[in-house]
Amino acid sequence: MMDLRRLFRSVPYWFSFINVPHLFGALLDRSTRNTLQPSLILSALAVATFIQSSESELGLRGRVRALALQEQAQSALEASLNAG
């Protein structure tokens, strides 16, 4: 959750199309959490992790994790599209 908060605070113009209060409200509410597209959350986490992956922060380990999150996001998106 903190990674997503940091992402939306650090680069708000990149994600101006996302209603951040609504997104966090849906994430925190058990009844609406399952309606969120997993690929959206995974891709946002991938970007947030990648942004923190300079050598002074997470470094190579962060970049590897960001790539893994991106691959999971891509898989989730493709699964959703294939499911119809």
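For the sequence shown, the numbering used here begins at 1 and goes up steadily by one.
Backbone N, C-alpha and C fix where the C-beta goes; we use that ideal spot for every residue, glycine too.
Nothing here was measured: the structure is a model prediction, and the numbers come from that model.
For Q72, collect the residues of the same chain with a Cβ closer than 7 Å to its Cβ; drop the 5 residues on either side in sequence, then sort them by chain order. Counting only residues of its own chain and dropping the five nearest sequence neighbours on each side, Q72 has a CB closer than 7 Å to the CB of L42.
Helix, strand or coil: which one does DSSP assign to S54? coil
Checking 8 Å against the spacing of the C-beta atoms, do L40 and L27 come in under that value? If you check the CB distance, L40 and L27 do not come in under 8 Å.
Helix, strand or coil for S10, going by three-state DSSP, please let me know. helix
Within a Cβ cutoff of 7 Å, which residues of the same chain sit near V20, ignoring the five residues on either side of it in sequence? F8
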